[in-house]
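There are 2 protein chains.
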Amino acid sequence: MDHSTPLSFETRFFLQAAQVEQLLAELLSSRPREGEIARPETLIAAMRHGALNGGKRLRPFLLLESARLFDAEGPAVLRVAAALECIHCYSLIHDDLPAMDDDDLRRGQPTVHKAFDEATAILAGDSLLTLAFDIIASDETELPATVKVQLISALARAAGVGGMAGGQALDLAAEKVKPDEAEIVQLQAMKTGALIRFACQAGAIIGSATDAERESLTAFGEAIGLAFQLADDLLDVTASAEKVGKATGKDAAAGKGTLVAFHGVEWARQQLNGLVAQAEELLAPFGEKAGVLIETARFVAYREY
Amino acid sequence: MDHSTPLSFETRFFLQAAQVEQLLAELLSSRPREGEIARPETLIAAMRHGALNGGKRLRPFLLLESARLFDAEGPAVLRVAAALECIHCYSLIHDDLPAMDDDDLRRGQPTVHKAFDEATAILAGDSLLTLAFDIIASDETELPATVKVQLISALARAAGVGGMAGGQALDLAAEKVKPDEAEIVQLQAMKTGALIRFACQAGAIIGSATDAERESLTAFGEAIGLAFQLADDLLDVTASAEKVGKATGKDAAAGKGTLVAFHGVEWARQQLNGLVAQAEELLAPFGEKAGVLIETARFVAYREY
Numbered sequence: 030m031d032h033s034t035p036l037s038f039e040t041r042f043f044l045q046a047a048q049v050e051q052l053l054a055e056l057l058s059s060r061p062r063e064g065e066i067a068r069p070e071t072l073i074a075a076m077r078h079g080a081l082n083g084g085k086r087l088r089p090f091l092l093l094e095s096a097r098l099f100d101a102e103g104p105a106v107l108r109v110a111a112a113l114e115c116i117h118c119y120s121l122i123h124d125d126l127p128a129m130d131d132d133d134l135r136r137g138q139p140t141v142h143k144a145f146d147e148a149t150a151i152l153a154g155d156s157l158l159t160l161a162f163d164i165i166a167s168d169e170t171e172l173p174a175t176v177k178v179q180l181i182s183a184l185a186r187a188a189g190v191g192g193m194a195g196g197q198a199l200d201l202a203a204e205k206v207k208p209d210e211a212e213i214v215q216l217q218a219m220k221t222g223a224l225i226r227f228a229c230q231a232g233a234i235i236g237s238a239t240d241a242e243r244e245s246l247t248a249f250g251e252a253i254g255l256a257f258q259l260a261d262d263l264l265d266v267t268a269s270a271e272k273v274g275k276a277t278g279k280d281a282a283a284g285k286g287t288l289v290a291f292h293g294v295e296w297a298r299q300q301l302n303g304l305v306a307q308a309e310e311l312l313a314p315f316g317e318k319a320g321v322l323i324e325t326a327r328f329v330a331y332r333e334y
Numbered sequence: 030m031d032h033s034t035p036l037s038f039e040t041r042f043f044l045q046a047a048q049v050e051q052l053l054a055e056l057l058s059s060r061p062r063e064g065e066i067a068r069p070e071t072l073i074a075a076m077r078h079g080a081l082n083g084g085k086r087l088r089p090f091l092l093l094e095s096a097r098l099f100d101a102e103g104p105a106v107l108r109v110a111a112a113l114e115c116i117h118c119y120s121l122i123h124d125d126l127p128a129m130d131d132d133d134l135r136r137g138q139p140t141v142h143k144a145f146d147e148a149t150a151i152l153a154g155d156s157l158l159t160l161a162f163d164i165i166a167s168d169e170t171e172l173p174a175t176v177k178v179q180l181i182s183a184l185a186r187a188a189g190v191g192g193m194a195g196g197q198a199l200d201l202a203a204e205k206v207k208p209d210e211a212e213i214v215q216l217q218a219m220k221t222g223a224l225i226r227f228a229c230q231a232g233a234i235i236g237s238a239t240d241a242e243r244e245s246l247t248a249f250g251e252a253i254g255l256a257f258q259l260a261d262d263l264l265d266v267t268a269s270a271e272k273v274g275k276a277t278g279k280d281a282a283a284g285k286g287t288l289v290a291f292h293g294v295e296w297a298r299q300q301l302n303g304l305v306a307q308a309e310e311l312l313a314p315f316g317e318k319a320g321v322l323i324e325t326a327r328f329v330a331y332r333e334y
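Quick mapping for you: the protein sequence lines, in order, are chains A and B. Convert by adding 29 to the 1-based position in the first sequence; the result is the number in the numbering used here. Convert by adding 29 to the 1-based position in the second sequence; the result is the number in the numbering used here.
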């Protein structure tokens, strides 16, 4: 990205989302790659349906901007960002399945199992998850092998049984046995927090940051993850379905415990202010360079969709 | 393994299966690992149910013996073998789901979605798939980063949209539109062939084999993959459910096209002889050292379960 003409945060955000979208479209071509036998047409179409959906691409943005903090940018970083988005998209496809959250719509479009069928949706999710590791490990991603291995290790831990997938399991269990506050915090840290934390951590890994810097970015990622979930829970209470692009009021209807349900809207707004202040403090040592990431923290905390 | 006392093929096979099973049990402990937040009890139990099921562990065995051809053995190789088995087990859990092959039993035990529920089975599969990459990338797997990256890349290509997952999609489509012979060959090369080919290729990668050696092992893996599928199709026609440990006669009942259905049992037996001869020829340059792998080819081709 050209630094000579400063872009507004929104422009920067949408521009990078478009770059991620374009790269994902290339990676999800129907042409088989070296080592692959063939790419079945319907399965690729289902993967594209689930991944090329005009999402906000928040996680890739956090990764790209975190890496830029350490002067790392270019095609390889974009590829890691796209890999991360593959993991996020796989999780949405599987979460939407009838056996899970049973959602028919996502971003105003039929979910993958509605547009195709359940079996195809399961396989499309599996294939996007697998593709994520393929992309990072690929020769075309020009990063040192040691960096790739660190990224793959951290990503797998963030996404697997001890992270996102485990969090979804806890979320499903929470429909039967209401979790207490500590359990909700843990559930959310796993289900949505882990991948957002990884996004920021990955920037530090790619940028060969010092241990202290990496810890700052990880803590920043945790704050953003908390803010993201709180804002989401708030929106479920306060916003209209039209604006958010998915059904709202679902948590309350499902009797789902959220921190907003425990402590109320005002408390949540104060927490968000606190998290934004914390994010600013964590990145203070980086000075002006961290401006975009701090704006991202505000965007995540105060977004209306 | 101690080379001073030569073991029978069967002993060697079962001994290594036991080692893989033990390592999988350790890897699927409920204790969270570095970078993980918590491991939900039920999800770990479902993963264990799907992975610690006394399977033959053929793919790990092929990987271990292929690596041994290049004098590579030890804990790191065993870990890669266990990672490969995680991928195989994830695919069985997802294939058994109601939306896919809808199987209630596997190896005489309830399938994961029967023992738990569908959502948990989906997440257990997702988590085993993710864990496979975690294991290979982990610091505890003491291999050079360049080797790990090659392994992860080849494994992801073998398992994803252009390999195993794509093959399962083609298999599901084959229930609606009957595939021709060429399509069956491609489907099987993807669905079962790709992972078996990877097992042999991985041994060459870990053992830093020359390009020519790696090609021989890859071709050997392809021959084993073909033999495995042909033997499976034969067993579906000729064996009893009791012996195979799963329902037989299913392919014919489903009107599923197999090469055995096209060409008959005698043709299939001759093909298997040809594949075993081909396997022997491919490994001839390795001399006596390749004895176990050649025995494995015979076992795969002529097995009765």
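Built from N, CA and C at the ideal position, the CB exists for glycine as well. Since this is a predicted model, take the numbers as computed values, not measurements.
| Item | Value |
| --- | --- |
| Start-end ranges of the beta strand (DSSP E) lying completely within the stretch 211 to 235 of chain A, minimum 3 residues | none |
| Residue nearest to Pro139 (chain A) in terms of C-alpha spacing, selected from A:Ser156, A:Asp163, A:Leu121 | A:Leu121 |
| Chain-ordered neighbours of Arg68 (chain A) on chain B, where CB pairs are closer than 7 Å | Val190, Gly191, Gly195 |
| Contacts that Ser156 (chain A) makes with chain B (C-beta to C-beta distance below 8 Å) | Gly189, Val190, Ala194, Gly195 |
| Closer than 8 Å to chain A by CB, Val178 (chain B) | yes |
| Simplified DSSP assignment, three categories, for Pro139 (chain B) | strand |
| Cutoff 8 Å: Phe249 (chain B) Cβ touching any chain A Cβ | no |
| Exposure label - Leu44 (chain A); buried when at least 16 CB within 10 Å | exposed |
| Three-way DSSP call (helix, strand, coil) for Leu172 (chain A) in this model | coil |
| Residue span of the alpha helix (DSSP H) that contains Ala203 (chain B), given as start and end | Ala203 (chain B) -> no alpha helix (DSSP H), and no H or E assigned at all. |
| Beta carbon of Ala105 (chain A) nearer than 8 Å to that of Leu56 (chain A) | no |
| Reference Glu333 (chain A), options A:Asp261, A:Trp296, A:Leu53, closest by Cα | A:Asp261 |
| CB of Val109 (chain A) within 8 Å of CB of Ile235 (chain A), strictly | yes |
| Asp163 (chain B) and Gly189 (chain A) closer than 8 Å at C-beta | yes |
| Under the three-state DSSP convention, the category Leu81 (chain B) falls into | coil |
| Closest by C-alpha distance to Ala166 (chain B), when choosing among A:Leu180, A:Gln215, A:Ala306 | A:Leu180 |
| Interface flag, Ile181 (chain A) vs chain B, CB-CB below 8 Å | yes |
| Min CB distance Ala297 (chain B) to chain A below 8 Å | no |
| Leu134 (chain A) in three-state terms, based on DSSP | strand |
| Span of the alpha helix (DSSP H) around Phe191 (chain A) | Looking at the sequence shown, residue 191 (chain A) is not Phe but Gly. Taken as a continuous stretch (DSSP letters only), Gly191 (chain A) belongs to no alpha helix (DSSP H), as it is neither H nor E. |
| Whether Asp155 (chain B) touches Leu158 (chain A) by CB criterion (8 Å) | yes |
| 8 Å Cβ shell around Phe291 (chain B) - same chain, five flanking residues per side excluded | Glu210, Ile213 |
| Chain-ordered neighbours of Ile151 (chain B) on chain A, where CB pairs are closer than 8 Å | His123, Leu126, Ala128, Met129, Ile151 |
| Cα-Cα separation, Pro69 (chain B) to His123 (chain A) | 18 Å |
| Gln258 (chain A) classed as buried or exposed, judged by whether at least 16 other C-beta atoms fall within 10 angstroms | buried |
| Chain A residues whose Cβ lies nearer than 9 Å to that of Gly286 (chain B) | Those within 9 Å of Gly286 (chain B) in chain A number zero; the least Cβ separation is about 16 Å. |
| Asp124 (chain B) (DSSP reduced to helix, strand or coil) | helix |
| 7 Å Cβ cut-off: residues of chain B touching Pro61 (chain A) | Gly191 |
| Contacts that Asp163 (chain A) makes with chain B (C-beta to C-beta distance below 7 Å) | Ser182, Ala185, Arg186, Gly189 |
| Pair within 8 Å by beta-carbon distance, Ala326 (chain A) and Gly232 (chain A) | no |
| Chain-order list of residues whose beta-carbon lies under 8 Å from that of Lys184 (chain A) (same chain, five-residue window excluded) | A small fix is needed here, since residue 184 (chain A) is Leu in this sequence, not Lys. Around Leu184 (chain A): Ala112, Leu113, Ile116, Ala161, Phe162, Ile165, Phe227, Ala231. |
| Integer-rounded CB distance, given that Arg62 (chain A) should sit under 8 Å from Arg136 (chain B) | So it is not a contact: roughly 34 Å between Cβ atoms. |
| Simplified DSSP state of Ala268 (chain A), which is helix, strand or coil | coil |
| Cross-chain neighbours of Ala359 (chain A) in chain B, by beta carbon under 8 Å | This structure leaves residue 359 (chain A) out entirely; chain A is present only between 30 and 334. |
| Environment of Asp133 (chain A) [buried if 16+ CB atoms lie within 10 Å] | exposed |
| Coil, strand or helix - Phe145 (chain B) by DSSP | coil |
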